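Participant: Residue numbers (numbering that gives the first Met the number 0), protein chains in the order written: chain A, 0 to 423; chain B, 0 to 348; chain C, 0 to 232; chain D, 0 to 293.
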Amino acid sequence: MDTNGFGQSAVAAKVSRRQLVKTSALTAGAMALASKIDVNYALAQDEGPVKIGWLGDRTGDFSLVGVQKYAAAELAVKELNEKGGILGREVQLVAEDAQSDNRRYQEMARKLLLQDKIDVLHACFTSAGREAIRPIIDQNKAIFFYNNQYEGGVCDNYVFPTGCVPDHQVVPFMPAVMDKFGKRVYTIAADYNFGQLTAAWCKKFVEANGGEVIGEEFIPLDVSQFSTTITNIQNAAPDILIVLLVGIKQSSFYEQKNSAGMQVPMATTVNMGQAYEHKRFPAPALSNMYVTVNFMEELAEGLGTDFPERVRSVAPDLEYVGMECAAEYEGINMYALGAEKAGTTEKDAVRKALESGISFEGPGGTVSIDPATHHTVRNIYMVHADENHNIVLDETFEAVRPDWLSADMGCDLPNKPDNTQYEP
Amino acid sequence: MPRRTSWLSAENIAFVIFLIFMIVYPFRTDDFGILNAAYFAALTLLALSLSMIWGKAGILSFGQTAFFGIGGYLYGIYTLNVLGSAQTWVGLAVGMLAGGIVAAILGWFMFYGGVNDVFVGLTTLALTLVLQTFMAQTAGPEWTVGEARLNGYNGMYIPQLSFGEMPLYGRPLYFVYLAILIGVYLLLRWLSSTRWGYGLLALQENRPRTESFGYNVRLMQVQVFALAGVVAALSGVLYASWGGYIDPSSMGLTAAITPVIYVAIGGRRSLTASMISSMILLKLSQLLASSAPEYALVIFGLLALLAVLFVPEGFVVALFNLIDRHLLNRGGGNLPGMTAPVEEVTANG
Amino acid sequence: MLDLSHVTSGYGRTLIVRDVSLTVQRGEIAAIVGRNGVGKTTLMKTIIGLLPTAQGAITLDGEEITKRSADARARGGIGYVPQGRGIFPGLTVEENLEMGKLINRQGGSERSLDVAYAYFPRLAERKTQRAGSLSGGEQSMLAIGRVIVGQPQLMLLDEPSEGLQPNLVQQIGDDLKRINQDLGTTILFVEQNIELIMNLAQRGYVMDKGQVVRQLDHHEITNQESLVSHLAV
Amino acid sequence: MFDGLFNWFYQFQVSFSFLLLSAIGLAVIFGMMGVINLAHGEFMMLGAYATTFLAVKGVPLALAILIGALAVGVFGAVIEMLVIRRLYGRLLDSVAATWAIGLILSQGMLILTGPSIQGVSSPFGSFSVGAISYSWYRIVLGVVSLLLIAGLYILFMKTEFGLRARATIQNQPIARSLGVDTARMYTLTFALGSALAGLAGGLFAPTATIVPFFGTNYTVEAFVTVIVGGANALVGTPLAAASLGVINAALGTKYGLYIARVGLLLTTIVIIRVLPTGISGLVERWRMRPARQR
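Here it is, written out as structure tokens:
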């Protein structure tokens with residue numbers, strides 16, 4: 000280990016910081032400075048167990064999804080060990096609870112990397128959590144699987160965002176629902192990065208398909224009373240309401256619009272799939288809500304997978320097995336395949352193996368890593384809840400490739416190092 | 000009034016032991032331990048700031064995290080725009096100054112407006128929430144200051160404090176942080192021992208009477224509020240530099256209340272107790288989060304409750320007093336907060 | 000009826016009243032005289048129970064009440080007119096009196112507010128007014144009226160003359176004498192106003208530095224010279 | 000025209016009842032005892048859980064809400080006797096203690112019942128005025144708020160309990176010297192404030208997600224209303240809820256919820272500066288003018 004505290008400076012390219020700031024929308028000087036640090040964390044440790052680091056929200060505001068993701072991690076590790084581990088070595092799950100707190104994410108990410116010396120980190124639910132630890136990941140040149148739906152755009156050598164992004168969810172989705180219901184769209188979205196960016200994506204594809212966004216409202220995260228919003232929507236009388244609300248406070252919207260008697264088809268990228276609102280709210284609050292997901296418990300039978308039963312074999316009390324539960328499971332398995340392919344857990348080698356294109360048969364069908372962007376090519380299912388909150392599968396989009404980052408933003412990680420989050 | 004006959008008190012001994020421990024610790028731990036301790040040092044400045052404003056001047060503020068956030072953000076905005084390692088230190092000064100100015104304005108607004116006691120707590124809480132709500136929605140590209148994207152709820156990337164081309168890292172980072180913490184601690188202790196400091200203690204007991212002694216009470220309240228704002232902002236700068244990141248949740252409700260609990264448990268009237276207890280409790284809360292995540296917050300809540308109920312002067316201060324009385328034979332103890340306040344006695348029927 | 004034996008009390012660790020013993024007979028008007036800051040108010044608060052007794056015993060009608068709370072002592076028959084009157088400024092005059100009456104719900108006959116209005120007709124005129132808007136003299140009347148509607152056996156008054164004009168001091172003294180005679184209420188008051196002491200007190204005690212230093216009989220307490228000597232600074 | 004007016008009125012009364020119900024329990028405890036109950040939101044959460052639990056078991060919703068409120072009231076009385084009572088005269092310590100209680104409650108509920116439980120629907124359905132449909136339940140909440148204020152007015156102004164309570168607020172030692180068992184008054188008051196929090200929680204339960212952190216939905220609104228209203232729950236809280244309701248409804252309809260939210264918080268800060276003791280402090284000063292000026 001490095002003992003002088005400064006570490007041996009890596010062969011950091013002599014890029015002027017000014018240049019970097021100009022080219023990078025987000026990360027700016029921080030990364031320029033940080034990239035000079037190398038604490039030799041990346042040294043191979045080809046002995047002992049393979050340590051899978053897990054960091055998520057087992058308690059706190061986001062625990063509805065956090066406990067699902069933790070169960071998926073437990074299951075994946077258990078199954079890997081039953082199959083003889085990774086590279087013949089035992090797989091060990093080193094899990095920490097970030098308690099839905101960004102500071103805890105930073106502390107625990109450092110602990111897992113520097114003290115527990117994990118081989119890979121599977122972490123985070125919110126984008127804020129991800130951004131909080133990304134400087135630490137980059138600084139330590141770790142491998143970070145962000146197995147979660149998000150607003151898209153992260154192009155970072157050390158990050159593998161395996162969940163759904165707007166390429167998956169919005170691009171095929173908007174034309175499908177607009178064909179069904181009409182071209183006039185109203186959007187309500189949580190007033191932060193995820194909501195604003197996803198709303199921008201929706202707008203782009205509504206307009207690209209000849210529709211019109213007749214209203215857009217951004218709602219602070221701590222608002223839980225929607226009566227003015229409900230009236231505004233009714234005044235505008237849209238054909239489709241895009242709902243990009245997030246968190247427990249905002250989820251009160253459904254019951255409120257239901258009791259106000261508002262009936263309009265809704266579309267979303269997050270609801271039901273993550274925090275099973277259709278199970279938690281009495282019908283018909285979410286009836287006619289359309290969503291695109293990579294997996295949902297109700298789809299298991301049609302997909303012919305026993306994934307929900309297997310998850311419950313390690314977490315019997317789990318209330319729901321949703322899209323992020325499946326993504327977490329797939330993410331950990333894809334890492335395992337990467338390490339097997341590399342023949343080592345040495346990080347650069349594993350990253351290169353992952354970038355060579357790894358495919359895994361997950362609960363939601365085949366998932367493979369897109370080398371250029373580290374995102375995944377995966378099947379997407381468009382479903383909706385009926386008036387009894389039963390989930391109905393409407394359409395399957397197979398092997399959707401997220402290519403906006405590579406095609407429009409020039410993200411090509413194997414050949415062009417980057418650590419930026421791009422925006423549409 | 001503190002007796003100043005001898006420096007040999009439990010409080011001073013505890014400080015020396017604490018200092019020795021903090022100097023030796025980084026040579027006895029791994030990389031994570033070093034960085035983690037530096038992080039604790041950064042957050043402990045927030046506890047010192049609160050101990051100064053609440054313990055010494057009797058003003059309970061939930062706004063220290065707002066100044067913390069202002070410090071962190073302003074540091075980030077400055078250093079992203081004005082590059083160069085020397086500039087990171089100017090950025091540190093900019094962050095501190097910004098926290099101090101906002102605190103001074105708010106303090107003037109409150110204290111010259113006759114806002115006192117519990118309403119100060121509520122006003123500062125409202126400020127904290129306004130800032131958090133505002134920062135959370137600054138996600139769009141229109142919220143850019145020069146080169147710095149505020150980036151809303153997801154938080155902002157921030158350059159690290161550096162010497163030359165080298166960002167502070169590992170042990171050097173730790174010792175810089177420790178030196179700042181100890182420096183601020185000594186400065187605040189010295190200030191508390193001046194006439195001005197005694198004036199603060201007096202105004203905490205009785206504002207009108209302090210005024211009649213010739214102190215300008217309102218001005219002093221604004222001064223100490225601004226000073227605590229500077230310290231809180233410094234804490235925010237060091238935190239932001241440590242993680243290369245700051246986000247609006249640093250200004251949330253939980254963030255605002257946590258240091259209050261740390262200081263209450265340790266003993267708000269003693270800077271030493273606040274500093275030591277903040278360090279210990281940060282570690283404890285981290286350990287609990289690792290070992291018993293579901294029960295961590297319950298246990299922590301219970302600890303805080305027990306402290307408030309049964310050791311109202313604070314666990315650490317109680318310990319100091321015990322040692323002073325039984326081992327050092329310092330009669331009444333030299334820490335304020337030992338003698339029960341009068342209203343407690345009258346309240347017992 | 001009231002006996003203090005070796006009572007010591009104060010605020011927290013600061014003991015102000017030390018080893019005070021005194022007796023008040025049923026039906027009499029007794030005074031405790033002394034200069035500012037000798038512990039008279041502390042003693043009063045100790046008797047009513049707003050301050051705990053550190054040492055010694057207090058008995059009322061032969062029953063020890065040392066450990067009882069202030070509200071229990073009040074219900075047991077002690078009425079208290081505090082220094083500065085202690086009316087409830089935000090309540091109306093009638094509500095203030097009503098508060099005094101509520102005491103007697105548990106025991107004894109009910110006395111209507113008319114008693115207070117009979118002694119202090121001014122209060123009847125101002126029934127619905129907020130007590131905080133009354134003049135100083137009216138507030139004194141209210142504080143005394145509030146106590147007598149509760150039918151106390153013993154009334155404690157802490158410097159009733161404080162802040163009153165001389166003619167009102169005379170008036171209050173006369174009113175209290177009438178209350179003592181008509182209703183049989185025993186009165187113990189602390190005072191440093193010589194006129195009021197001479198007008199009202201039948202006998203008394205002199206306090207200095209937290210202790211009772213002397214008893215005064217009826218002759219001594221109505222003698223201006225002797226009083227002045229005890230109250231001189 | 001009528002449609003527009005009705006819409007405006009509806010939005011106002013929703014904001015009003017929401018702010019009032021969130022704040023009233025907190026205001027009663029703060030106004031009477033000077034204690035800031037940081038566990039207020041968690042008390043609301045307990046009410047919501049009790050109500051939901053009973054309603055799902057088949058108890059009629061109205062009855063479930065009442066039982067929930069009573070249960071939280073009893074719980075509040077216990078908390079007062081075990082904790083709050085020891086902290087009188089140590090206001091800032093009681094803030095810390097109630098925060099700790101809140102933490103234990105919400106996290107304990109998470110351990111006991113998991114991250115969320117199935118909720119119940121709002122009863123009464125909807126009605127339409129013009130093109131817009133509205134929730135009847137929101138109207139009911141408005142009516143309940145008004146009844147609650149009337150009930151509290153009678154309780155505090157027309158009963159012996161109320162008189163004793165008001166006397167205790169104004170001068171606790173003197174109230175004791177007049178035979179009021181002030182410790183019991185405080186217990187009852189804290190229980191009342193807790194029951195009101197539980198009631199609000201129960202009333203809001205059908206409109207929101209039932210999770211252990213349910214209470215945080217309302218704490219900001221509750222504190223803001225209490226700050227603006229000041230220490231008098233009877234006068235200050237309804238006036239504060241009404242004026243903030245106007246601001247919230249007007250800004251929300253016109254500029255969206257973000258501006259409404261910022262407007263709410265900024266108004267609060269300004270009010271504190273102009274009226275440090277809130278609206279009820281202003282009313283109090285007006286009432287306490289010397290008699291001759293009337």
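Cβ atoms here follow ideal geometry from the backbone N, Cα and C, with glycine treated the same way.
Computed from a prediction, not measured in an experiment: that's the story for all the values here.
1) Name the chain A residues whose beta carbon is nearer than 9 Å to that of Thr132(B)?
2) Keeping to the same chain, check which residues put their C-beta closer than 8 Å to that of Gln170(C); ignore five residues upstream and five downstream.
3) Could you tell me which residues DSSP puts in a beta bridge with Trp53(A)?
4) I'd like to know if Arg109(A) contacts chain B, where contact means its C-beta is closer than 8 Å to some C-beta of that chain.
5) Please report the straight-line C-alpha distance between Ala138(B) and Ala199(A), rounded to a whole angstrom.
6) Just how far apart, CA to CA, sit Ile157(B) and Thr51(D)?
7) List, in order along the chain, the chain D residues whose C-beta lies closer than 7 Å to that of Met98(C)?
8) Grab me the residues of Pro165(C)'s own chain with a C-beta within less than 8 Å of its C-beta, minus the 5 sequence neighbours each way, in chain order.
9) Start and end of the beta strand (DSSP E) containing Cys154(A)?
10) Which residues in chain D have a C-beta closer than 7 Å to the C-beta of Thr122(B)? List them in chain order.
11) Asp113(C) lies in the alpha helix (DSSP H); which residues open and close that run?
12) Whose C-beta lies closer than 7 Å to the C-beta of Thr26(A) among residues of the same chain, with five residues either side of it excluded?
13) For Lys55(B), count neighbouring C-beta atoms within 10 Å of its own C-beta (all shown protein chains included) and say buried if the count is 16 or more, exposed if not.
14) Could I get the ranges of all uninterrupted alpha helix (DSSP H) runs contained in the segment 16 to 102 of chain C, with 4 residues as the minimum, in chain order?
15) Compare the Cα-Cα distances from Ala232(B) to each of Phe110(B), Asn215(B), Met250(B) and report the closest residue.
16) List the endpoints of the continuous alpha helix (DSSP H) containing Asn231(A).
17) Can you tell me whether Glu283(D) is buried or exposed? The criterion is at least 16 other CB atoms within 10 Å of its CB, across all chains shown.
18) May I have the straight-line CA-CA distance separating Lys39(C) from Leu49(B), to the nearest angstrom?
19) Quick check on the burial criterion: 16 or more other C-beta atoms within 10 angstroms. Buried or exposed for Asn332(A)?
20) Give me the subset of the segment 233 to 261 of chain B whose CB atoms are less than 7 Å from a CB atom of chain D, sorted by chain position.
21) Any beta-carbon of chain A closer than 8 Å to the one on Glu141(B)?
22) Is the beta carbon of Gln105(A) closer than 8 Å to that of Val49(A)?
23) Between the alpha carbons of Gly85(C) and Val23(C), how many angstroms are there, rounded?
24) When DSSP labels each residue in this structure, what does Thr345(B) get in the three-state scheme?
25) Indicate whether Gly57(D) and Gly201(D) have their beta-carbon atoms separated by less than 8 Å.
26) Of the choices His217(C), His218(C), Val212(C), whose alpha-carbon is the least far from that of Leu230(C)?
27) So, Val242(A) versus Thr267(A), is the Cβ gap smaller than 8 Å?
28) From Ala204(D) to Gly118(D), what distance separates their C-alpha atoms?
29) Terminal residues of the continuous alpha helix (DSSP H) containing Met80(D)?
30) With 8 Å set as the bound, which would you pick, yes or no: does the beta-carbon of Gln136(B) sit closer than that to a beta-carbon of chain A?
31) Counting C-beta neighbours from all protein chains within 10 Å, is the total for His277(A) 16 or more, i.e. buried, or is it exposed?
32) Please report the distance separating the alpha-carbon of Leu199(C) from that of Asn179(C).
33) So which residues of chain D does Gly113(B) contact, with C-beta pairs closer than 8 Å?
34) Specify, as a first and last residue, the run of the beta strand (DSSP E) that Val242(A) falls within.
35) What does Ser48(B) touch in chain A if you count any residue whose Cβ is under 8 Å from its own?
36) Pro281(A) touches chain G at which residues, Cβ-Cβ below 8 Å?
Facilitator: Here's the rundown:
1) Simply Asp190, Pro219, Leu220, Asp221.
2) Around Gln170(C): Gly136.
3) Ala94(A), His121(A), per the DSSP bridge assignment.
4) Output row for Arg109(A): interface = yes.
5) For the pair Ala138(B) and Ala199(A), the Cα-to-Cα distance works out to about 12 Å.
6) Rounded to the nearest angstrom, the two C-alpha atoms are 46 Å apart.
7) Neighbours of Met98(C) on chain D, chain order: Leu162, Ala166, Leu177.
8) For Pro165(C), where only same-chain residues beyond five positions count, the Cβ hits under 8 Å are Glu194.
9) DSSP places Cys154(A) inside the beta strand (DSSP E), whose first and last residues are 153 to 155.
10) Result: Ile268, Ile271.
11) The continuous alpha helix (DSSP H) containing Asp113(C) extends over residues 113 to 118.
12) In this prediction, Thr26(A) scores a pLDDT of 39, lower than 50, which makes its location untrustworthy; the coordinate-derived value is nonetheless stated afterwards. For Thr26(A), where only same-chain residues beyond five positions count, the Cβ hits under 7 Å are Asn418, Thr419.
13) Per the 10 Å Cβ criterion, buried.
14) Listed in chain order, they are 39 to 47, 69 to 74, 92 to 101.
15) Distances from the CA of Ala232(B) to each of Phe110(B), Asn215(B), Met250(B) were compared; the closest alpha carbon is that of Met250(B).
16) Segment 226 to 235, the alpha helix (DSSP H) holding Asn231(A).
17) Burial is judged here by how many other beta carbons sit within 10 angstroms of a residue's own beta carbon; Glu283(D) has at least 16 and is buried.
18) Cα-Cα distance, rounded: 41 Å.
19) With a threshold of 16 other beta carbon atoms within 10 Å, Asn332(A) meets it and is buried.
20) Taking a C-beta cut-off of 7 Å against chain D, the contacting residues of the segment 233 to 261 of chain B are Ile256, Val259, Ile260, listed in chain order.
21) With a threshold of 8 Å between beta carbons, Glu141(B) makes no contact with chain A.
22) The beta carbons of Val49(A) and Gln105(A) sit no closer together than 8 Å.
23) Here the alpha carbons of Val23(C) and Gly85(C) stand approximately 24 Å from one another.
24) Confidence at Thr345(B) is low in this model, with a pLDDT of 33, below 50, so its placement is unreliable and no value can be given for it.
25) For Gly57(D) and Gly201(D), no; Cβs fall outside 8 Å.
26) Checked all of His217(C), His218(C), Val212(C); the closest Cα to Leu230(C) is Val212(C).
27) It is a contact, given that the beta carbons lie within the stated cut-off.
28) The C-alpha of Gly118(D) is placed about 7 Å away from the C-alpha of Ala204(D).
29) Its alpha helix (DSSP H) spans residues 60 to 81.
30) Flagged as an interface residue toward chain A: Gln136(B), by a C-beta distance shorter than 8 Å.
31) Within 10 angstroms of the beta-carbon of His277(A) lie 16 or more other beta-carbons, which makes it buried.
32) Note on geometry: alpha-carbon atoms of Leu199(C) and Asn179(C) lie some 10 Å from one another.
33) By Cβ distance, chain D contributes Pro275.
34) Segment 239 to 243, the beta strand (DSSP E) holding Val242(A).
35) Chain A residues near Ser48(B): none, gap ~17 Å exceeds 8 Å.
36) Protein chains A, B, C and D are contained in the structure displayed, whereas chain G is not.
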